[in-house]
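Residue numbers (this note's numbering), protein chains in the order written: chain A, 1 to 106; chain B, 1001 to 1629; chain C, 2001 to 2503; chain D, 3001 to 3477; chain E, 4001 to 4173.
In this text, a Cβ means the ideal position worked out from N, Cα and C, and glycines have one as well.
If you're wondering where the values come from, they're calculated on a predicted model, not measured in any experiment.
A short worksheet on the structure shown next.
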């Protein structure tokens, strides 16, 4: 039933939605850790893209999958560093509210 | 005669030498200056002798030049042009300048800038001599301006006096206005004829056809003489010029500055002659100036001021003569006038030294007893200028009136005649007031030293016999100095008698008013009766005031206006740009709030912008608008 | 020519001096000045030597040095002088030398002062000897920064603060140079596109036939760049403030020479490389020039500060220069170049004199002065000399140039020239006023203690005054040289124009 | 296939150096850690020598996944130069202000490694990893002054915003991968050579522009730069400005000039506009700054705009101009920031007004600052002039407006540079105590100064080298 | 893939993903956020199964649902103020952000929706792990190494940054 057939488009749209949900959170949540999580959502959206394309476009080459693996690795590293910094700044300002961090401006 | 080029050079060297080296040693400086001038005079007399032996020079002047400047389309060769005219001028200028400098030895004794004075005098003489001898109009212009600047320096010699500094400025600016016209004239000539050498111009101009253009050029050209020779309406500087030391006034009025204008007109008479309307202009300017200045002179009180206006008037006379086409008469008067005017100025100077610079003739009187030589020489000068035979003035003035009448300018003749009467009147008014009548008890005059009186005597001799070279019976002058073909003069008895009577009448009137009645009641009554006229004349028709007003209101006004425009509008725009830039910087800065998520938002706004830009501008935008490929 | 790189020596003698100064202890006051004077004197002597050695009959570039510099841009280290640049080189050598003595009494951080000053001198020299646009630009802006620093440190604040004046001057000239740079890059790339070989040398670019439209806008840009440097009306407003703010030496060099780079560039580069554009814009240049001449003369009339008077008068004189350039014929451009030289000498003398007056009386405000002739006759002489020169008195250096400018432009822009000539009366008016109110008039006791200039302070008066008189009495000294440079240049230009069929 | 690992000598050496530093940091006593700086310098110098030796030793690994051409080698040399200068200039600063020498130098070296990978990356995956390696290393370095709240805040802003931007970049990469079925740039270029664009390609392009625009801090993706630059330890700011930016340009060129050359006319105008906006905004906002680090940060934003000009034409000339500018910009930036760091280490201030009388307190510093700033402003005879000449020469035909904007704004920039000059040279010092310049710092300044002057006066050699590098780039693609 | 199961599974999973994602963004408590995030990750992993990327699915579960979530939990724990009251969930740019996001989403959707993707008929080999492992160590060894270094750097960095600064630490270093 072609009408229902799942084409890459579906996945792309799904990932787009996920991406922008994450983006919305990243733009609006006050809490630094929350923003970090939202960024993870966005990266996952990218992964969905990659793997979907890997499945549909280059099934035998695994390019997308490997790309996704690296993305996941980097994401994990980023989360680690990010959290470390957030903890650090929490020590300084006793807050993780991003609106409080405006010593550097203009 | 072939060393005429030395004549301007020597004084110039003297000037350089004095101003650079020998300033400290007064007498050395003076000697240098006088020596240069006198030797110049000696050479000049040889030159005159040479010219007299070579009558062919009249039509084929002796010219020798060197290259001064050359570029494609503009070549200037400077040098000496010798013909009777220039020879005569060289002779006259050197003679009078030498006498005046000798006289200055006494007059300037003890002045602070003694040697500076002599330096300036030398430069003054040098410039005038160069002007006279120059073979090229540009060279002549250089000398012309040199004369101007020297007069500026000398008039402002007492630079601590406010009046002196104003007079100097006035003299320079006023003449400068005229010179602008002259400069334009020169430019035009150079453009039209491609040369400024007098001799070649004298060949080319008479053939030139474009009369209207030539008229403009000539009129512009004539502005120069108007300024330099203090013709109306640029005469205002001349009377003030007596702010300088008296010898300077003498030099300016008699031998150098003011006659430069006359000389120039005479030099290029071939140009004016080929455009009759301009000749008329010259004649009328001269005539008007003559009577105009004479009327003013009648009412003045200061001795030098009276003489100054008389100069203006006499120069007007010469101009009139040239205007009616008589080079001979004009220059003859120039020649005689030089002597008696120098004589009278120096006399006035001697009087002033005697009276410790009290200048008002009404406060003098009876000086003849205390300073006989001065007085007698002065009287001779008076007779000369009043045109009493056989003194020099009689002959030259007679020639002028003769020429005017002969050329059919009756109106001008009448003016001239009346001026002659006025001249006699005001000069003798001065003489009677100053030298005759009863003495003024406050004054303790005494005769000046020989070094001052001897020049007076020499000049007096010339003022007496100087005219005899131009009588209808022995017309040496006219044979050498004339324009076009030479016509031997014939004795015009009625005119001669008329002149004499006019002069005598003037003297008599003066005697009646200012000598016969000790108290001068008549004169005062007359002045009272015509009070308005009197004040008008006494204030020189208020022309100075008008000029002052124009200068300070209009010119300075414009200046101030433009300056404000500059700092507020032009500068305002510049600063406006600057301010705008700074404001833009400060404005954009506000977006940098320091809020991380604002930054993120801006980032994605940027994404949006880029997306729109790419999707809707690129070459394939149309195909993308539908979102289809 | 023997292959001794004399131009490079002239160029880098001041730099050597500056480097030497770096190693002199900053308090060795006299020594520092001596070194600076020596360095500039070397340049001056060599320049005079070249001036005498230059073969006018041959003309063209002489004493050429060329070393390939940047191959891919076709840049060569290409030095040489012709009849136009040599007088300019002489000018900067003279003024650089005399300015050292004019600032003989600088005792505040003298070492830095003279280091910067020597750099400045080198920069200006470089622009005149460089025959390669790239090298030209290198030197062109070297001068800006030293000037700024000198103004803000050693300058003086009057109507405007020296910071404002310096910044205005600097930014103004830099913006101008930005447009110049645009034009240069465009010309270079266009030439590259036409000929295929990169070449930055002025001569090489002049051989390229650029399309007319292209020439029009590039010339306009160059005109703006050079014009603002030449203080072309209405881009002049930096100039009076700048001079007023600057220390004496800078005023001398800036008014004396730096401005002239603008005129030099207009003739030697813009006109030479883009004749069609020049022909197109010439009327505009003429109008702006005359407007500037008259406008600035009147503006000077309203000034009370001596430096402002001279500042405006220099704007006015540059107006004449522009008029001469606009006449686009040999006579006019001869006059323009000569007038740049003349005005340089005169302005330098003016500013050095004003510097001395200011140094001694601590005022430049004309109403506060008067009768200075009695206390300082030599200063007075210098001032009067400069003044007379600036009102174009025959017998001084600036008359014949002005006359030739008028002569050159009269045929083309009759009316405009008449206005310009009439302006000299106004010039006379304000100059004589300044002279009268500063030097003449009753003696003022408060200045009785002042000492006249003497010793080293006399150098500017003697040297510059001498040149002034000499150049006035024997103009051919200057004009033969200039003509030997202008005539061939105009020959090539007119040739192109006739091919372009403009007139 | 046979893999010629010798092509990766530089990277391997760098990695070894980094690991060695970290290990040494563990074993040697604290007192000895100060020596690590010199060790780093020596090591990097050795690698630089190696890279010079490896010049035109070109080739590809895994058919174009890793490209070693003169282009990448030149960039690696640029990074190495920057790293060496930064390390030398930062020793004292690190010892006194930061601590953690081992970690500092080690991570700095790894950041360098990341840049090198970026320079040679031939496909998206390598490119992305290199980018992230550099970014994470920088995040850590930025936040390393833990005692300073500003530093940590800068770190936080950097990590979050960098995360966002790399997410966007990745999204774009994924789309293009989906469109072309490959991540290999050369193949993508081949596939896109037709020049037909689909909407998805455009979308991917947009995301890529945003992602790399963030890295090169092009307006409007620059917002992070001023804050991070100001907060970061000064030497790191220098390295961010010089190295990170250059590396990002390396990938910009790979992606756009090589990858998307087929659809050049689609993005040329966009890049031109971005360049113009970046130049204008960067310079304008720099004017009102009072903190010198922040001012230099904005000016470096503007500099990114200038470099971007070279990308517009996607021509060898433009590429060459970019390479040329990248190197000279390293000297200017590192020089200026070294002065700032040294000054801060002794006075604890970054305020411009405190620089009063620097010309008397430390003539060398003042001169360095002046020369660096004038070079950035492009005033002859400094290197910046030659660089701008090369950059704008490429666009003068077709993008005249860009040339005018760029040059006029560069002259405007002189305004704020001169304000600093004014303070340094005219004002009398508030505290006459001289600013001591330790040997390594002095060395850094002198090298930077001489390089700036020499490149300005005699750009010939560098021009030739960059020319060769640029050509090698086009040989491969 | 057209079999009804796959289709149904896709819709189901995507619904779950979006739903949980929204919850993540919207939930007040950070802890809840983390939990929903974990759920979201798991459902994404199941999507990977659907896409025959079983190895990826495992990695996803282990790294994301496992490691990352735990780390985040720690982070949350360490940064909780005594009184955990998020006075306001969203910052003041909510409206503008919403607008931008929606527009961008619309744009992206519009641009990707009708694009037809090149779909190769090929199928994914059975055991992906072997292939991937082989590729990672052969073709993708350079990125692999770089990733290793990256992790090392991140590790050290995290330690250095998270480490408590002892008083007087500065004087020692």
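First through last residue of the alpha helix (DSSP H) which encompasses residue i
{"i": "residue 1432 of chain B", "result": "1410 to 1435"}
{"i": "residue 3373 of chain D", "result": "3363 to 3377"}
{"i": "residue 2017 of chain C", "result": "2006 to 2022"}
{"i": "residue 2399 of chain C", "result": "2399 to 2410"}
Endpoints, the beta strand (DSSP E) within which residue i is located
{"i": "residue 2177 of chain C", "result": "Taken as a continuous stretch (DSSP letters only), residue 2177 of chain C belongs to no beta strand (DSSP E), being part of the alpha helix (DSSP H) at 2162 to 2195."}
{"i": "residue 1630 of chain B", "result": "Not covered by the structure: residue 1630 of chain B. The range shown for chain B is 1001 to 1629."}
{"i": "residue 2531 of chain C", "result": "With chain C covering 2001 to 2503 only, the question about residue 2531 of chain C has no answer from this structure."}
{"i": "residue 3067 of chain D", "result": "3066 to 3068"}
8 Å Cβ cutoff, residue i in contact with chain D
{"i": "residue 1 of chain A", "result": "Low local confidence applies: a pLDDT of 38 at residue 1 of chain A is under 50, so the model's placement there is unreliable, and no value is given."}
Beta-carbon proximity of residue i to residue j, cut-off 8 Å
{"i": "residue 3334 of chain D", "j": "residue 3045 of chain D", "result": "no"}
{"i": "residue 2146 of chain C", "j": "residue 2116 of chain C", "result": "yes"}
{"i": "residue 3206 of chain D", "j": "residue 1583 of chain B", "result": "no"}
Residue-chain proximity (residue i, chain B), Cβ-Cβ < 8 Å
{"i": "residue 4106 of chain E", "result": "no"}
{"i": "residue 2443 of chain C", "result": "yes"}
{"i": "residue 4048 of chain E", "result": "no"}
Short CB-CB distance (under 8 Å) between residue i and chain A
{"i": "residue 3325 of chain D", "result": "no"}
{"i": "residue 1596 of chain B", "result": "yes"}
{"i": "residue 1600 of chain B", "result": "yes"}
{"i": "residue 4043 of chain E", "result": "no"}
Test: residue i CB closer than 8 Å to a CB of chain C
{"i": "residue 3353 of chain D", "result": "no"}
{"i": "residue 1339 of chain B", "result": "no"}
Cross-strand partners of residue i (DSSP beta bridge)
{"i": "residue 1065 of chain B", "result": "B:1079"}
{"i": "residue 4090 of chain E", "result": "A:29"}
{"i": "residue 1024 of chain B", "result": "None; residue 1024 of chain B has no bridge partner."}
{"i": "residue 2365 of chain C", "result": "C:2305"}
Check: residue i C-beta below 7 Å from any heavy atom of the ligand GDP
{"i": "residue 1327 of chain B", "result": "Summarising the ligand content, the structure contains no ligands, and the ligand GDP is consequently not present."}
8 Å Cβ cutoff, residue i in contact with chain F
{"i": "residue 2302 of chain C", "result": "Here the protein chains are A, B, C, D and E, and chain F is not one of them."}
Handout entry: alpha helix (DSSP H) segments (min. 4 residues) lying fully within the region 2294 to 2357 of chain C
Key = 2306 to 2326
Practice task
Note down, one range per segment and in chain order, each beta strand (DSSP E) of at least 3 residues found wholly within the region 1468 to 1505 of chain B.
Solution key: none
Handout entry: Inside the region 4092 to 4125 of chain E only - beta strand (DSSP E) runs reaching at least 3 residues
Key = Within the region 4092 to 4125 of chain E, complete beta strand (DSSP E) segments of at least 3 residues are not found at all.
Practice task
Let me know the alpha helix (DSSP H) ranges lying completely inside the region 2037 to 2111 of chain C, each 4 residues or longer, listed in chain order.
Solution key: 2085 to 2102
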